[in-house]
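**Student:** Top line first, the protein sequences correspond to chains A and B.
All letters in the first sequence, in the order written, are residues 21 to 223 by my numbering.
All letters in the second sequence, in the order written, are residues 5 to 240 by my numbering.
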Amino acid sequence: MAIRKIAETVADRTKFAILSLAELAKQPRYLIVGILAFLVFLYLLTFFRDGGSNWQLIWSGLPLGDKLGVLGRVWRDILDNFTSFYGVSIIFMSLFQGTIIMQLVFTWKNRERDKAIDGASTGTIAAILGFITLGCPSCGVGLLSALLSAIAGTGAAVLAEQIGLILIIIAFILMIYTIIRLGYIDYIIISSEKAKETHAKSN
Amino acid sequence: MQKAIRIGALVAVVGFLVALMVLNAGKNNDMNTWNAAMTKGDPATAQHHYIMYTDIFCPYCDKFSHAVSAHLAEFDKDYIEDKKILFEIRVTDMNYENGHSNNSRPAGLAAYCAAKQNNFWDYYYNLINKLYDDYHSKGIGAERDSPRHIPNLELSYFYEAADGTNLNKDQFVQCVEKEETAKELDNNTRRAYNTAQGLPYFVFDKYTVSGMAGTWNADNDWEQVKLMLNAGLTTK
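In structure tokens, the structure reads:
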């Protein structure tokens, strides 16, 4: 019975979150914020998707023109995200982070700052988890592998793949939780604004 | 107060991770050649020593070698010859040892067997291209956690890669079957653990890096390879 009630609540809040997102997307300034945040995350996640090799090139002795070329090539690599499961998960992660940022800005602007900070904390944790899992954990390339090998030696690479998968799942759960939570708050804000407007008109 | 604690915790986590990465970075670069047959270039006149630590069943390593293989003449002329680079590949079976690919063991043994007959390069690029045609080009075993997605291969697969090379096939088959190069492979894998921060790991003079950005498009990846090679020439 309790499980059914929780499921109903989650379903309702998800519905309200979707409705509020549709409202936010109709407002160009929030839509632009969301798209920009999506592109920033997509760029950064793609930049680091194969470990730190791009990063190392930026810090190498290459001439400035070549370094700018490295930064520019990432835009082309973004298109290759569509060709693999890993790449598609990067796109979805960026999409969710862009949505969270859009919701955060709206919530913050509407004076629900404590709730915005709560959402920002969870969103940031999800983003950090996302970045940790980038690279090739089973090859020992990436932040997660560095972390595990420092704690448990090189043999820990065998765990990296499984841990990486678990962290990605946790990151997605946290992002979806944040989107639903902030979406529900935004729905209340939007509804109350609409009620005020209707009330003002009727007077 | 609660907000300050939260921000502090986040900064601490990020700082901890960055510190771990820095502490883990580049150690014990062993610049003496391990196996002369696995080098390209003239050691007598070379002005640069480039080393690549690899496992033949590491997808990002193969991405690098596949791009080089597709532009071999340019690589040999513009870098090995003109820039006087000694290029060395250090083959390991790390992915076998860490349980990610049973194939990495016979591949490593075969590579050292080919080196034993002084025919490493032809065999190596044949095997890389065969793996590309059979698996990587189809998206199998081509990404981060996917070396295990290539099925366990029969030894005959590694013998087929010797076709078209000057290897004495009978000697080669015997060498692989009797694991004549096992000691060298094991020894070099252990040595690689002292240096390589994951695979592939490149020591191009003063420029060291692990990982390989790329898309399995040989032309696009060659651009990335050239940047890495040039970074070795320009990093002081």
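Don't be surprised by glycine CBs; every beta carbon is placed ideally from N, CA and C.
If contact is defined by three or more beta carbon pairs under 8 angstroms, each pair taking one atom from either stretch, is the stretch 153-171 of chain B in contact with the stretch 113-125 of chain A?
**Tutor:** The stretch 113-125 of chain A is not in contact with the stretch 153-171 of chain B.
**Student:** Report the partner residues of residue 43 of chain B according to the DSSP bridge assignment.
**Tutor:** On the second sequence, position 39 is the one that residue 43 of chain B refers to. Partner(s): B/92.
**Student:** DSSP state of residue 226 of chain B, grouped into three classes?
**Tutor:** Along the second sequence, read from residue 1 onward, the residue named residue 226 of chain B stands at position 222. Three-state result, residue 226 of chain B: helix.
**Student:** Starting from residue 75 of chain B, follow its DSSP beta bridges and name the residues at the other end.
**Tutor:** Within the second sequence, numbered from 1, the residue matching residue 75 of chain B stands at position 71. Note: residue 75 of chain B sits in no beta bridge, so no partner.
**Student:** For residue 53 of chain A, count the other beta carbons within 10 Å of its own beta carbon; 16 or more makes it buried, fewer makes it exposed. Which is it?
**Tutor:** The sequence position of residue 53 of chain A within the first sequence is 33, counting from 1. By the neighbour-count rule (16 or more Cβ atoms within 10 Å), residue 53 of chain A is buried.
**Student:** Evaluate residue 151 of chain B with the Cβ neighbour count: other Cβ atoms within 10 Å of its Cβ, from every protein chain shown; 16 or more gives buried, anything less gives exposed.
**Tutor:** By one-based count along the second sequence, residue 151 of chain B stands at place 147. The predicted position of residue 151 of chain B is uncertain, since its pLDDT is 49 and thus under 50; no value can be drawn from it.
**Student:** Tell whether a beta-carbon distance below 7 angstroms holds between residue 75 of chain B and residue 132 of chain B.
**Tutor:** Counting from one through the second sequence, the residue named residue 75 of chain B turns up at place 71. Counting from one through the second sequence, the residue named residue 132 of chain B turns up at place 128. No.
**Student:** Residue range of the alpha helix (DSSP H) that residue 63 of chain A falls in?
**Tutor:** Counting from 1 along the first sequence, the entry for residue 63 of chain A is found at position 43. Start and end: 48-67.
**Student:** Comparing the C-beta of residue 134 of chain B with each C-beta of chain A, is any distance below 7 angstroms?
**Tutor:** Counting from 1 along the second sequence, the entry for residue 134 of chain B is found at position 130. Judged by the 7 angstroms Cβ criterion, residue 134 of chain B is not in contact with chain A.
**Student:** Per DSSP, what kind of secondary structure is residue 144 of chain B in: helix, strand or coil?
**Tutor:** For this step, residue 144 of chain B is matched to residue 140 along the second sequence. Residue state, collapsed to three classes: coil.
**Student:** Is residue 77 of chain A close to chain B, meaning its C-beta is less than 7 angstroms from at least one C-beta of that chain?
**Tutor:** Taking the first sequence and counting its residues from 1, one reaches residue 77 of chain A at position 57. Output row for residue 77 of chain A: interface = yes.
**Student:** Kindly examine the ligand SAH and report whether one of its heavy atoms sits closer than 6 angstroms to the Cβ of residue 198 of chain B.
**Tutor:** Judged by which ligands are present, the structure shown has none, so any question about the ligand SAH falls away.
**Student:** Do residue 126 of chain B and residue 169 of chain B have their C-beta atoms within less than 7 angstroms of each other?
**Tutor:** Counted from its first residue, the second sequence places residue 126 of chain B at position 122. Counted from its first residue, the second sequence places residue 169 of chain B at position 165. Going by C-beta atoms, residue 126 of chain B is nearer than 7 angstroms to residue 169 of chain B.
**Student:** Note the first and the last residue of the continuous alpha helix (DSSP H) segment covering residue 132 of chain B.
**Tutor:** Here the question's residue 132 of chain B lines up with position 128 in the second sequence. Unbroken alpha helix (DSSP H) run through residue 132 of chain B: 124-138.
**Student:** State the start and end residues of the unbroken alpha helix (DSSP H) segment that holds residue 214 of chain B.
**Tutor:** Taking the first residue of the second sequence as position 1, residue 214 of chain B is located at position 210. That residue, residue 214 of chain B, is in no alpha helix (DSSP H); its beta strand (DSSP E) goes 211-214.
**Student:** Which residues of chain A have a Cβ atom closer than 9 angstroms to the Cβ of residue 78 of chain B, listed in chain order?
**Tutor:** Translated into the one-based positions of the second sequence, residue 78 of chain B becomes position 74. Near residue 78 of chain B there are no residues of chain A at all, since even the closest Cβ is about 17 angstroms away, more than 9 angstroms.
**Student:** Considering only DSSP beta bridges, list what residue 56 of chain B is partnered with.
**Tutor:** Here residue 56 of chain B corresponds to residue number 52 of the second sequence, with the count starting at 1. B/93 and B/206.
**Student:** May I ask which residues mark the beginning and end of the alpha helix (DSSP H) holding residue 98 of chain B?
**Tutor:** Taking the second sequence and counting its residues from 1, the one referred to as residue 98 of chain B is at position 94. Segment 98-101, the alpha helix (DSSP H) holding residue 98 of chain B.
**Student:** Flag this pair as touching only if the stretch 122-137 of chain A and the stretch 66-74 of chain A have three or more C-beta atom pairs under 8 angstroms; answer yes or no.
**Tutor:** No contact exists between the stretch 122-137 of chain A and the stretch 66-74 of chain A.
**Student:** Here's a check: name, in chain order, each residue in its chain whose Cβ is nearer than 6 angstroms to the Cβ of residue 125 of chain A, leaving out the five neighbours to either side.
**Tutor:** Residue 125 of chain A sits at position 105 when you count from the first residue of the first sequence. Cβ neighbours of residue 125 of chain A beyond the five flanking positions: 53.
**Student:** Anyone know if the C-beta pair for residue 90 of chain A and residue 99 of chain A falls short of 7 angstroms?
**Tutor:** Counting from one through the first sequence, the residue named residue 90 of chain A turns up at place 70. Counting from one through the first sequence, the residue named residue 99 of chain A turns up at place 79. In this structure, residue 99 of chain A does not lie closer than 7 angstroms to residue 90 of chain A by Cβ.
**Student:** By the 8 angstroms beta-carbon criterion, what residues does the stretch 82-114 of chain A contribute toward chain B?
**Tutor:** Result list: 82, 83, 86, 89, 90, 93, 96, 97, 100, 103, 104, 105 and 106.
**Student:** Going by other Cβ atoms of all chains shown within 10 Å of its Cβ, with 16 needed for buried, is residue 44 of chain B buried or exposed?
**Tutor:** Locating residue 44 of chain B in the second sequence gives position 40, counting from the first residue. That one is buried.
**Student:** Return the chain-ordered ranges of every beta strand (DSSP E) run that is complete within the stretch 64-121 of chain A and spans a minimum of 3 residues.
**Tutor:** The qualifying runs do not exist here; there are none.
**Student:** Rounded to whole angstroms, what's the CA-CA distance from residue 102 of chain A to residue 195 of chain A? Just pull it up for me.
**Tutor:** The residue you call residue 102 of chain A lines up with position 82 of the first sequence. The residue you call residue 195 of chain A lines up with position 175 of the first sequence. Their Cα atoms are separated by approximately 21 angstroms.
**Student:** Taking just the CA atoms, how far does residue 205 of chain B sit from residue 245 of chain B?
**Tutor:** Outside the shown range of chain B (5 to 240) lies residue 245 of chain B, about which nothing can therefore be said.
**Student:** For residue 221 of chain B, which of B/128, B/136 and B/83 has the nearest alpha-carbon?
**Tutor:** Here the question's residue 221 of chain B lines up with position 217 in the second sequence. Measuring from the Cα of residue 221 of chain B, the nearest candidate turns out to be B/136.
**Student:** Under the three-state reduction of DSSP, which class applies to residue 191 of chain B: helix, strand or coil?
**Tutor:** Taking the first residue of the second sequence as position 1, residue 191 of chain B is located at position 187. Helix at residue 191 of chain B.
**Student:** Would you decide whether residue 104 of chain B is buried or exposed? Buried here means 16 or more other CB atoms lie within 10 Å of its CB.
**Tutor:** Stepping through the second sequence from its first residue, residue 104 of chain B is reached at position 100. Flag for residue 104 of chain B reads buried.
**Student:** Could you confirm whether any beta carbon from chain A is found closer than 7 angstroms to the beta carbon of residue 240 of chain B?
**Tutor:** Position 236 of the second sequence holds residue 240 of chain B. Taking Cβ atoms only, chain A reaches closer than 7 angstroms to residue 240 of chain B, which makes this a yes.
**Student:** For residue 145 of chain A, does the count of other Cβ atoms within 10 angstroms reach 16, so buried, or fall short, so exposed?
**Tutor:** If you number the first sequence from 1, residue 145 of chain A lands on position 125. Burial call: buried.
**Student:** Would you kindly work out how many angstroms separate the C-alpha atoms of residue 43 of chain A and residue 216 of chain A, rounded to a whole number?
**Tutor:** Here the question's residue 43 of chain A lines up with position 23 in the first sequence. Here the question's residue 216 of chain A lines up with position 196 in the first sequence. So the two alpha carbons sit approximately 17 angstroms from each other.
**Student:** If residue 192 of chain B sits next to residue 94 of chain B, beta carbons under 8 angstroms apart, how far is it from one beta carbon to the other, in whole angstroms?
**Tutor:** By one-based count along the second sequence, residue 192 of chain B stands at place 188. By one-based count along the second sequence, residue 94 of chain B stands at place 90. That belief holds up - the Cβ atoms of residue 192 of chain B and residue 94 of chain B are roughly 6 angstroms apart, short of 8 angstroms.
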